[in-house]
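Protein chains in written order, with the numbering used here: chain A, 1 to 70; chain B, 71 to 224.
The C-beta atom is built at its ideal place from N, Cα and C for all residues, glycine as well.
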């Protein structure tokens, strides 16, 4: 499931309703991330998913996407 | 003061919305993170941003795709609430290495899950955090923390 402006995430549980106005109001307050950093971060999580061991192995071998930064 | 688990859950949802990140229901993990961070920082408010980053970092499967970015920008935002600027890039290679090694050690040292930290007394919790690598993360952030210019304080 991907949360977007058109398809908000499912409820977080009794503690919070992410579709509520309180959450939408917070979107503008979320830190801006440099687009190039965000692109690399997204590339990284899409490449490795939950395989953090391989992510570390690649980092130690110099093959991690963050190491391709200009 | 650390955010409540509800506040953190709301900001996590807002983060996922803003950046179109796949969302996971991680409210229980966020609750654990806040409690671990509070126990770890104790009355040292200056340690709270690092404690929160630590407590979020060691729960990668709960946070899913948000793990890569959300804990870092949340620590930066939290630091600002104390008038501190954390000059930390999301894609910092050294930070990525520290964070990945934290979760590697977490798997080795806490097979019962992060919740087991909450069963420890204060001294044992601190000892375990040190074994996991908390001091490395603390030192990393401390070296990149500066007071915010007064004009940027809210």
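Legend entry - Local Cβ density within 10 Å of residue 94 of chain B, reported as buried at 16 or more and exposed below that: By the C-beta density criterion, residue 94 of chain B is buried, having at least 16 other C-beta atoms within 10 angstroms.
Legend entry - Neighbour list for residue 160 of chain B in chain A, Cβ cutoff strictly below 7 Å: Under the 7 Å cutoff, chain A gives 33, 37 and 41.
Inset, instruction - Would you mind giving the Cβ-Cβ distance between residue 207 of chain B and residue 133 of chain B, rounded to the nearest angstrom? I have them listed as a contact below 8 Å. - result: Actually they do not touch by this definition, with Cβ atoms about 16 Å apart.
Inset, instruction - Decide if the region 178–186 of chain B is in contact with the region 148–155 of chain B; the criterion is three or more beta carbon pairs, one per stretch, under 8 Å apart. - result: The way I'd put it, the region 178–186 of chain B doesn't touch the region 148–155 of chain B; fewer than three beta-carbon pairs between them come closer than 8 Å.
Inset, instruction - May I ask which residues mark the beginning and end of the alpha helix (DSSP H) holding residue 151 of chain B? - result: Here the alpha helix (DSSP H) through residue 151 of chain B covers 140–151.
Inset, instruction - Find out if the Cβ-Cβ distance for the pair residue 109 of chain B, residue 195 of chain B is shorter than 8 Å. - result: Contact: yes.
Inset, instruction - Please decide whether residue 51 of chain A counts as near chain B, where near means a Cβ-Cβ distance under 8 Å. - result: No, because no Cβ of chain B sits closer than 8 Å to the Cβ of residue 51 of chain A.
Inset, instruction - Under 6 Å Cβ to Cβ from residue 44 of chain A, same chain only, skipping five residues before and after it: list those, please. - result: Excluding its 5 nearest sequence neighbours in each direction, residue 44 of chain A has C-beta neighbours in its own chain below 6 Å: 65, listed in chain order.
Inset, instruction - Determine the extent of the beta strand (DSSP E) in which residue 216 of chain B is found, giving its start and end residues. - result: First-last of the beta strand (DSSP E) with residue 216 of chain B: 215–217.
Inset, instruction - Alpha carbon to alpha carbon, how far is residue 161 of chain B from residue 53 of chain A? Give it in angstroms, no decimals. - result: Taking the straight line joining both Cα atoms gives about 18 Å.
Inset, instruction - May I ask which residues mark the beginning and end of the alpha helix (DSSP H) holding residue 100 of chain B? - result: Element bounds for residue 100 of chain B: 97–111.
Legend entry - residue 31 of chain A to residue 75 of chain B span [Cα, whole Å]: Looking at the backbone, the Cα of residue 31 of chain A and that of residue 75 of chain B are separated by about 19 Å.
Inset, instruction - Give the interface partners of residue 55 of chain A over in chain B, defined as CB-CB distance under 7 Å, in chain order. - result: Chain B residues near residue 55 of chain A: 170.
Legend entry - For residue 74 of chain B, three-class secondary structure by DSSP: In the three-state reduction of the DSSP assignment, residue 74 of chain B falls in the coil class.
Inset, instruction - List the residues of chain A whose Cβ lies closer than 8 Å to the Cβ of residue 130 of chain B, in chain order. - result: Under the 8 Å cutoff, chain A gives 50 and 52.
Legend entry - Cβ contact check for the region 77–92 of chain B and the region 209–219 of chain B: 3 or more pairs under 8 Å: Contact fails: fewer than three Cβ-Cβ distances are below 8 Å.
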